[in-house]
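Residue numbering for the sequence shown follows the working numbering, starting at 24 and increasing by one per position.
For reference, the structure is listed below as structure tokens.
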Amino acid sequence: MKKIINVYFPGGKKVDARIGDMLVRTDQAKGNGGEETAPEPFQLFLASIATCAGIYALEFCQAREIPAEGMALTLSYEFDVKKQICERLKIDLKLPAGFPERYKKAVVRVMDLCSVKKNILRPPEFVITANGGGGMTI
């Protein structure tokens, strides 16, 4: 199934993406010429990993009627500035009070099924083109 995300350039270093009826805004840090009015694209990438693991953990709890109040998730990472890549990501789930001991390994396994992670481990083919501007498509 083909899906589309449209990207717009509203000014400055801002780049916005429209996904259906939703708008995702990005900006750059002040040190990179932006205004820091929104996360940088790489921060959104990391947030998508964390929130994907988070929804899997939440749905795990909901399916078993385990209250999720007090549950929290933290993603920490080691970043190689020269290579501009993450060397290591760590996701830590703080379980809610009363979380059954017997489900601890299972909730970790479920979070490991995150579709964002799957796409990192088995990346899609990237096809990048440029067209318009009075010239040919590249």
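No residue lacks a Cβ here, since even glycine has one placed at the ideal position from N, Cα and C.
Keep in mind it's a predicted model, so treat the numbers as computed, not measured.
Asked	Found
Buried versus exposed, by CB contacts within 10 Å (16 or more), valine 150	exposed
Start-to-end residues for the beta strand (DSSP E) that takes in alanine 110	The identity of residue 110 in the sequence shown is glutamate, whereas the question assumes alanine. That run of the beta strand (DSSP E) goes 108–117.
Alpha carbon of glutamate 92 to alpha carbon of threonine 49, nearest angstrom	30 Å
Chain-order list of residues whose beta-carbon lies under 8 Å from that of proline 64 (same chain, five-residue window excluded)	Val38, Thr49
Helix, strand or coil at methionine 134 according to DSSP, with G and I counted as helix	helix
Sufficient close CB pairs (3 or more, under 8 Å) joining the stretch 74–87 to the stretch 122–139	yes
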